[in-house]
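Visitor: Heads up: the sequence shown begins at 18 in the working numbering, then just goes up one per residue.
Idealized CB from N, CA, C, for every residue including glycine.
Because the structure is a prediction, the values reported are computed rather than measured.
Here it is, the structure, as structure tokens.
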Amino acid sequence: RNYHFYHSLGSSNDTAKHLAREGATEGTVVLAEEQNAGKGRLGRPWHSPAGLGLYFSLIIRPSIPLALAPQVTLLTAVSICKTLEKLDLEPTIKWPNDVLLEGKKVCGILTELSAEMDGIKYLIIGIGINVNHRLQDFPDSVAHKATSINIVSGQEIDRVLFLNKLLITLEEDYRHWLEQDFSPFRQEWLQRAAGLGEKVRVLTGTVEWTGRLEGIDDMGALLLRNEAGELQHLMSGEVTLRP
Ligand code: BTN
């Protein structure tokens, strides 16, 4: 693997994008000990203090139609869960790809891509994991909904070992997905889905949907059953569990 390690970055996704434009190969890993401008989904910041978390981005170049790109992020969430399960933890996934421990967020994924007429040029999978954070390390604005592997397991975690295990699992899953299709990962995703069968609220842009969470379809879209009994397929949005 091709590793780029930085002590401090704005955002590892931005650096990865830059390297991808310069021709960095599939499998390139861009890792930052800390980020000053870590980015989350929906324009939110990702707090990335030194020494506590894992903040990294992967460059991949799959030859797939653009419409399949969201599946890579769902698959990544599953690989992260499997790695946490090796530590005897019980993660769940909040659609599309927040990984939770005890109902609180331990990991976020931000995928960005560059596409052309003939398909995807590169895809950046940005992963932020709260590893050795203590409760007081989170900003007040997220402290009620964030957790870390350390908080839940009660153990100091070796970040390098964890990253290695994760990258091995992720690479294996990614290869399987390229060779086969999404269906086995859809099952693995559903096994870990948070809030399945429960009433949830989904905000997509300015439109709010409520309904029963029924899972994801074979493309990776969220399945929501509304009060009228119709099944809706949502491609993006922010889920609130137990509204
Ligand atoms: C989210 O849940 O909102 C996604 C968070 C993604 C954070 C990671 S940290 C490494 C990579 N670089 C970034 O700027 N963001 C992602």
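What is the DSSP secondary structure of residue 69, counted as helix, strand or coil?
Guide: coil
Visitor: Cβ-heavy atom distance between residue 182 and the ligand BTN below 6 angstroms?
Guide: no
Visitor: Please confirm whether residue 32 and residue 90 have their CB atoms less than 7 angstroms apart.
Guide: no
Visitor: Can you check DSSP and say which residues form a bridge with residue 147?
Guide: 70
Visitor: Are the Cβ atoms of residue 162 and residue 122 separated by less than 7 angstroms?
Guide: yes
Visitor: Could you check the C-alpha separation between residue 26 and residue 245 for me, to the nearest Å?
Guide: 48 angstroms
Visitor: Sorry if obvious, but does the Cβ on residue 127 come closer than 6 angstroms to a heavy atom of the ligand BTN?
Guide: Because some heavy atom of the ligand BTN lies under 6 angstroms away, the Cβ of residue 127 counts as near it: yes.
Visitor: Is DSSP giving residue 183 helix, strand or coil here?
Guide: helix
Visitor: Might you give, ordered along the chain, the residues of its own chain that have their beta carbon closer than 6 angstroms to the beta carbon of residue 228, omitting 5 neighbours on each side?
Guide: 241, 242 and 243
Visitor: For residue 41, which beta-bridge partners are listed by DSSP?
Guide: DSSP lists no partner for residue 41.
Visitor: Are the beta-carbon atoms belonging to residue 117 and residue 210 less than 7 angstroms from one another?
Guide: no
Visitor: Return the CA-CA distance between residue 175 and residue 149, expressed in angstroms with no decimal places.
Guide: Distance between the alpha carbons of residue 175 and residue 149 is about 9 angstroms.
Visitor: Just to confirm, is the Cβ distance from residue 251 to residue 219 under 7 angstroms?
Guide: Yes, Cβ-Cβ distance for residue 251 and residue 219 is below 7 angstroms.
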